[in-house]
Structures are given as structure tokens and as C-alpha cells.
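Asker:
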Amino acid sequence: MTLQGKTAVITGSNSGIGLGVARELARAGADIVLNSFTDRDEDHALAAAIGSEFGVTARYVAADMSKAGDCRALIESAGTCDILVNNAGIQHVAPIDEFPADKWDAIIAINMNSAFHTTAAALPKMRAAGWGRVVNIASAHGLTASPYKSAYVAAKHGVVGLTKVTALETAEEPITANAICPGYVLTPLVEAQIPDTMEKYCMGREEVIKKVMLDRQPSREFATVEQLGGTTVFLCSDAAAQITGTTISVDGGWTAL
Ligand code: NAD
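Numbering of the sequence shown is given in the working numbering, commencing with residue 83 and proceeding in unit increments.
1. Could you check whether the segment 129 to 140 touches the segment 107 to 120, counting it as contact only if at least three pairs of C-beta atoms, one from each stretch, sit closer than 8 Å?
2. Going by DSSP in three states, residue 322 sits in which element: helix, strand or coil?
3. What do you reckon, is the C-beta of residue 269 under 6 Å from a heavy atom of the ligand NAD?
4. Between the alpha carbons of residue 253 and residue 300, how many angstroms are there, rounded?
5. Helix, strand or coil, according to DSSP, for residue 263 in the structure here?
6. Can residue 91 and residue 163 be called in contact, C-beta distance under 7 Å?
7. Given this structure, state the Cα-to-Cα distance separating residue 103 from residue 217, to the nearest angstrom.
8. What number of angstroms, rounded off, separates the C-alpha of residue 125 from the C-alpha of residue 96?
9. When DSSP labels each residue in this structure, what does residue 338 get in the three-state scheme?
10. Contact criterion: CB-CB distance below 7 Å. Does residue 238 meet it with respect to chain B?
11. Could you check whether residue 230 and residue 346 sit closer than 7 Å to each other, using their CB atoms as the reference points?
12. Between which residues of its own chain and residue 237 is the CB-CB distance below 6 Å, once the five residues before and five after are set aside?
13. For my contact list, residue 226 and residue 120 are in at a C-beta cut-off of 8 Å; report their separation, rounded to the angstrom.
14. Say the cut is 6 Å; is the CB of residue 69 nearer than that to a heavy atom of the ligand NAD?
15. Tell me whether the segment 275 to 283 and the segment 256 to 265 touch, counting them as touching only if at least three CB pairs, one residue from each stretch, are closer than 8 Å.
16. When the Cβ atoms of the segment 206 to 213 are set against those of the segment 158 to 172, are three or more pairs found closer than 8 Å?
17. Find the nearest neighbour of residue 235 within the set 172, 215, 247 and 323, judged by alpha-carbon distance.
18. Tell me which residue opens and which closes the beta strand (DSSP E) that residue 143 is part of.
19. Specify, as a first and last residue, the run of the beta strand (DSSP E) that residue 215 falls within.
20. Near residue 335, which residues of its chain fall below 6 Å by C-beta distance, leaving aside the five closest residues on each side in sequence?
21. Between the alpha carbons of residue 327 and residue 184, how many angstroms are there, rounded?
22. Name the one or two DSSP bridge partners that residue 258 has.
23. From the DSSP output, read off the bridge partner residues of residue 64.
24. To which residues does DSSP link residue 331 through a beta bridge?
25. Can residue 136 be considered in contact with the ligand NAD, in the sense that its beta carbon sits closer than 6 Å to one or more heavy atoms?
26. For residue 200, count neighbouring C-beta atoms within 10 Å of its own C-beta (all shown protein chains included) and say buried if the count is 16 or more, exposed if not.
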């Protein structure tokens with residue numbers, strides 16, 4: 083399977099799943115554009131290191147996915163955009179009646195609205211190239227719910243809906259749009275929730291991981307960022323050309339329960 087000659091833009095890709103996806107796309111031969119909202123030397127160095135490791139062109143472009151203009155500018159700066167992975171995401175956990183309005187707005191903007199803006203900017207480029215793949219990193223929370231994650235659950239359900247509409251609007255073209263729905267992956271986003279959960283349930287770190295996270299996943303294992311990357315590469319392959327408008331769960335059986 084080769085993605086040589088394709089350019090992939092991965093939003094929110096200087097850590098966690100986005101970085102894992104970017105590395106697997108580069109391993110498959112794609113040129114990559116990494117992104118986050120920061121603009122540090124280490125971000126650019128990360129892209130350079132991936133480029134030399136896999137022999138592809140790799141760039142880092144700073145753009146804030148909470149801003150419509152930045153989303154569109156990111157896609158424009160890529161030149162061509164054959165593969166778009168909407169991955170940028172944040173989380174906040176609180177009951178609805180205590181959920182800060184600014185956190186709600188930020189989660190909806192970064193986790194959902196950005197996918198609309200980047201997709202709108204990328205589709206004309208995919209049409210011009212005669213080939214395209216949109217892969218939205220949704221969540222098990224795009225198919226089911228948990229208390230205290232109202233904005234996240236709403237945004238991820240929205241991403242799943244947007245994925246279906248994108249697929250239908252491109253159904254007669256050589257473009258596909260799909261969502262990947264991970265369960266828990268031990269990335270900085272999930273690690274950040276552990277101390278709060280420990281305090282709330284008076285548990286130790288290992289107990290929280292086992293009880294609150296792994297108990298939801300019948301496999302009793304976390305998925306890895308490499309596995310999420312491999313699923314993305316598959317969706318970009320010719321074997322997946324007729325897979326569009328669907329969700330692929332990478333959740334150890336969570337949503338089968
Ligand atoms: P992470 O915190 O490691 O990565 C999030 C990425 O988004 C980082 O690169 C961060 O810099 C970037 N980002 C944050 N705000 C941004 C902004 N305003 N503009 C641009 N980039 C921004 O978290 P992760 O777990 O790798 O999450 C990646 C995606 O996977 C998210 O959409 C998340 O909802 C989803 N997801 C994660 C899990 C999990 O268990 N880790 C499960 C399901 C879905």
C-alpha cells in the first residue's frame with residue numbers, strides 16, 4: 083500500500099493520535115503537513131524529523147483550529163490536499179449546569195466546526211486532483227455518551243453527522259469521507275483527565291485506569307496511536323475506495339456493549 087505522491091494534512095498533530103496518524107501516513111509514503119496552534123522550534127523540528135525518517139516532505143503549519151480563518155488558511159498553505167485528517171480536539175469534564183460556556187464554545191469550535199471549515203476548503207482541491215480522502219477522528223463518544231462530557235459528546239456526534247453528509251455530497255466522485263471512533267487511547271488528552279477522576283472517585287491512578295477506562299473496553303486494552311494510524315492508512319487505500327459515510331470503531335468492543 084503506497085500513498086506516494088499524496089499530500090496529507092492532519093490537524094492537531096504535534097502529539098497523541100494526530101502525531102501517530104501523521105507518522106503512519108508518512109510511513110506509507112505520503113507527504114505530510116503537521117499542525118497545531120503553537121509555533122515553536124520543536125514543532126518544526128518534529129516535522130523535519132518525520133520527513134527524514136520516512137523520506138517524505140513534512141512541514142509544520144501553525145494554525146488555530148478554533149478559528150474559521152485559520153482552518154481555511156491551513157488548507158490553502160498545503161497547496162494540494164489529497165488526504166485531510168480532522169483530528170484536533172480538546173476535552174472538558176463537568177455537569178451540564180456547571181459547564182463553563184467558554185469551554186462549550188471552544189470544544190464545539192475545535193472538535194467540530196474546524197472539520198467543517200477544513201473540509202469546505204479541501205474538497206475543491208480534491209476535486210481538482212480527481213482523488214480525495216477525508217478521515218474524521220470522532221470518538222466512541224460520537225456514537226454513545228458519558229455524563230459530564232456534554233460538549234465533547236455533542237461535538238463528536240456532530241462530526242459523525244458531518245462525515246455522512248460529506249460522503250453523500252461526494253458519493254459519485256473518487257472521494258471518500260469516513261469517521262474513526264476510538265475508545266480510550268492513553269494520550270495527553272486522556273492522561274489529563276486522570277487526576278480529576280482520581281479525586282472525584284477517591285481512587286489511585288491504576289484503579290482509575292482499570293475501573294473507569296478499561297472497564298468500558300471489553301478487550302481490556304487501550305488502542306495505540308499506531309493502530310489509529312494504520313486504520314487511517316487503510317481508509318486512504320484503494321481497498322477502501324467503496325467505504326464512505328461510515329464509522330470505524332477502534333474501541334476494543336466498547337460500542338458493541
Ligand atoms: P492530544 O491532546 O494528545 O492531541 C490533541 C491535538 O490537538 C494536539 O496536537 C493539540 O496540540 C491539538 N490542538 C488542541 N487545540 C488546538 C487548536 N486550537 N488548534 C489546533 N490544534 C489544536 O489528544 P488525543 O487523545 O491525541 O486526541 C486527538 C483526537 O482524538 C481528538 O479529536 C480526540 O477527541 C480524539 N479521541 C481521543 C481519544 C483518546 O482516548 N485519546 C478517544 C477518542 C477520540
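Even glycine gets a Cβ: it sits at the ideal position worked out from N, Cα and C. Everything numeric in this text was worked out from a predicted model, so none of it was measured.
Answerer: Reading it off the structure:
1. A contact exists between the segment 129 to 140 and the segment 107 to 120.
2. Three-state result, residue 322: helix.
3. Taken from the Cβ of residue 269, at least one heavy atom of the ligand NAD lies inside 6 Å.
4. For residue 253 and residue 300, the distance between alpha carbons rounds to 34 Å.
5. It is a strand residue.
6. With contacts defined as CB atoms closer than 7 Å, residue 91 and residue 163 qualify as a contacting pair.
7. Their backbone Cα atoms lie some 10 Å apart in a straight line.
8. Distance between the alpha carbons of residue 125 and residue 96 is about 7 Å.
9. Reduced to three states, the DSSP call for residue 338 is helix.
10. As a matter of chain content, chain B is missing from the structure shown, which is built from one protein chain.
11. With the chain represented from 83 up to 339, any question about residue 346 goes unanswered, as that position is not in the structure.
12. For residue 237, same chain residues with a beta-carbon under 6 Å away, outside a window of 5 residues either side, are 189, 190, 193 and 194 in chain order.
13. The C-beta distance from residue 226 to residue 120 rounds to 32 Å, too long to meet the 8 Å contact threshold.
14. A query on residue 69 cannot be resolved here, the shown segment of the chain reaching from 83 to 339 and no further.
15. Short answer: they don't touch.
16. Yes: at least three Cβ pairs fall under 8 Å.
17. Per the Cα distances, 172.
18. Per DSSP, the unbroken beta strand (DSSP E) holding residue 143 starts and ends at 140 to 144.
19. Judged by DSSP secondary structure, residue 215 falls within the beta strand (DSSP E) whose first and last residues are 214 to 219.
20. Only 300 and 301 meet the Cβ criterion.
21. Those two C-alpha atoms are separated by around 31 Å.
22. According to DSSP, which records beta bridges pairwise, residue 258 is partnered with 215.
23. Nothing about residue 64 can be read from this structure; the chain reaches only from 83 to 339.
24. Residue 331 is bridged by DSSP to 263.
25. No, since every heavy atom of the ligand NAD falls outside the 6 Å radius drawn around the Cβ of residue 136.
26. Around the beta carbon of residue 200, a 10 Å sphere encloses 16 or more other beta carbons of the protein chains shown; the residue is thus reported as buried.
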